[in-house]
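Below: the structure, in structure tokens.
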Amino acid sequence: MRETILKDILRAALATAAAFLFYSLLGGLGPSTLFVLNAFSLIVVTFSVGKEEIFGAILGTVCGLVQDSFSLGVFGIAGLTKTLLGFWTGYVSRRIDVVPFLRNFAFFLVMSSLELILWVLLNALVLGGRVDVRNGLIVFQPLVTAFLGTLILTIVRRIQARRA
Amino acid sequence: MPPWVKRTNFLVLTGLLVFHLLLISIQVPLGSEKKLFERGVFFVFSPLQSGVVSAVRGIRSVWTNYFDLRRVRQDNQKLKQELFFLNQEKRFLEDRLLLFRSEAEVRESLAAFRKSLITARVVGADAGSYFRSVILDKGSSDGIKLDMAVCDRFGNLVGRTIAPVSLKETMVQLITDPESSVSVISATDRIVGIVSGRQGAYCVLKYILASVGGGKEEEELITTGFDKIYPAGIRVGQILSIKPTSSVFKDIVVKPYFSFAALEVVAVLPRISGGPD
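As given, the protein sequences belong to chains B and D, one line each in that order.
Following this note's numbering, the numbering of the first sequence begins with 1093 at its first residue and continues without gaps.
Following this note's numbering, the numbering of the second sequence begins with 3 at its first residue and continues without gaps.
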């Protein structure tokens, strides 16, 4: 039990580093890339699949708070939504089979859409209705997250299958 | 899964959610200073971000320098840099001339101004609230302090430096942030107001009474210097639309001159006195 917790903490730390690395890369490529891709959501959703829901929740908390610290928005909103995203992803993915490509894509799409909706609602609630949805461009975020997440997992699974 | 494990999972989730809700609730109403925890996370991660972006740019520049048209690229960069400084100087000169300074004074100020100008690269943007802030790769070790005006490569106003300012990174509040305020004056009709962000890429010109005449579409807005943050004479944007409202103030939408998508290199201006005294 203790070993599993330690492993989970290490995994969460590595995943957060990966998310931050990815976020920095996107920022380096141009600020506009952040409109359609949230690196932190992508990492949370990809790393939480098939893991304990607590792992997903902790990973979501850390990733969300790092995102919040680089934002002028209210500190904690991304942390809250990503905590739920990680928890839901871990919880659901351990109860249904999400290995097939299309099913995985649909699952990620639903998860990241729910996170986005929650984020918009919370922002609207806290900021009093002033939510920037980038002329609707933000709706592509779950699509891109779902596609890239599914692609990463498919590649990882294939590599693992070949090794086995 | 044993029932106690399931219960523990939900208990941990509840704990995390309560933690976040507390974090959010202590920040309402907005506008308060950044919390120590938030600053801490920023200070820990900002050098990493700087390193990653530098590495990416380094690799990219090696690739392009060796496989692209090397000399043409270097010339182009040199010209761009020259243009960048010339644009900044042009704005500064216009500002000084407006104040009817003598030639010697202008030259002296220009030399001091060029020396103290800090160029920085945009290495990050706000992943949660677009058009509110960006991160620069220069910090307090490069002479950046709080409340310094930031312009793009054409001398258009971008925003101001805000906390946190780490050794090598600085956060910039963009003029498109709804929490920002810039004192401006229109170039022809001389109406004075406050430019603030609204959701998205545009701004609003506030506090212009509906009874006040003047102000038309496409009229340019420049800083007044009254706010003691932004030096006078910096180009901010132009009026996009003026609509009558039922309130005492006009509804004026402003299109800022700086382009968020093209933000790459910026100039951090030294804090100089400006504006009509």
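By construction, the Cβ of each residue, glycine as well, lies at the ideal position given by its N, Cα and C atoms.
Small disclaimer: the values here were computed from a predicted structure and weren't measured.
Chain-order list of chain D residues neighbouring B:Phe1132: Ala129, by C-beta distance under 8 Å. Residue environment: D:Leu25 is assigned as buried (16 or more neighbouring CB atoms within 10 Å of its CB, all protein chains considered).
Distance from the CA of D:Glu219 to the CA of D:Ser52, rounded to the nearest whole angstrom, comes to 41 Å.
Within the segment 1140 to 1169 of chain B, Glu1144, Glu1145, Ile1146, Ala1149, Ile1150, Gly1152, Thr1153, Gly1156, Leu1157, Val1158, Gln1159, Asp1160, Ser1161, Phe1162, Ser1163, Leu1164, Gly1165, Val1166, Phe1167, Gly1168 and Ile1169 place their CB atoms closer than 9 Å to a CB of chain D, listed in sequence order. Residues of the same chain with a CB within less than 7 Å of the CB of D:Ser248, apart from the 5 flanking positions on each side, do not exist. Contacts between D:Arg59 and chain B, judged by CB atoms closer than 8 Å, involve Gly1120 in chain order.
Pairwise C-beta distances place the segment 1210 to 1217 of chain B out of contact with the segment 42 to 59 of chain D, as fewer than three of them are shorter than 8 Å. Two segments are said to touch when three or more pairs of C-beta atoms, one from each, lie closer than 8 Å; by this definition the segment 1144 to 1160 of chain B does not touch the segment 113 to 127 of chain D. Annotation: B:Val1202 to B:Arg1195 spans about 11 Å, alpha carbon to alpha carbon. In the DSSP secondary-structure assignment, D:Phe251 is bridged to D:Leu211.
The beta-carbon of D:Val20 is placed no less than 8 Å from the nearest beta-carbon of chain B. Linking D:Ala122 to D:Ser27 through their CA atoms gives a straight-line distance of about 35 Å. Counting C-beta atoms within 10 angstroms of its own C-beta, B:Leu1208 has 16 or more neighbours from the protein chains shown and is therefore classed as buried. For B:Thr1125, no beta strand (DSSP E) run applies; the uninterrupted alpha helix (DSSP H) run containing it begins and ends at Thr1125 to Val1128, by DSSP.
The beta-carbon distance between D:Ser48 and D:Lys170, rounded to whole angstroms, is 7 Å. This is short enough to meet the 8 Å contact definition.
The Cβ neighbour count for B:Ala1149, taken over all protein chains shown within 10 Å, is at least 16; the residue is labelled buried. Legend: CB atoms of the segment 134 to 147 of chain D lying less than 7 Å from CB atoms of chain B belong to residues Arg134, Ser135, Val136 and Ile137.
Interface flag for B:Val1136 against chain D is unset, since no Cβ pair is found closer than 8 Å. Taking a Cβ-Cβ cut-off of 9 Å, the neighbours of D:Leu15 in chain B comprise Glu1145, Ile1146, Ala1149, Thr1175, Leu1176 and Phe1179, given in sequence order. Under the three-state reduction of DSSP output, D:Pro166 falls in the strand class.
In the structure shown, B:Pro1234 adopts helical secondary structure according to DSSP, grouped into three states. Shown here, D:Pro49 sits in a helix according to DSSP, grouped into three states. Scanning B:Ile1169, B:Cys1155, B:Leu1245 and B:Ile1146 for the CA closest to the CA of B:Leu1113 turns up B:Cys1155. D:Thr121: member of the beta strand (DSSP E) spanning Ile120 to Ala127, first to last residue. In the three-state DSSP reduction, D:Thr190 falls in the coil class, being neither helix nor strand. Residues of chain B whose Cβ lies closer than 7 Å to the Cβ of D:Asp179 are, in chain order, Leu1164.
Under the three-state reduction of DSSP output, D:Gln79 falls in the helix class. Against B:Gly1171, the close residues of chain D are His22 and Leu25, in the order they occur along the chain (beta-carbon pairs closer than 8 Å).
Looking at the DSSP output, B:Val1248 shares a beta bridge with no other residue.
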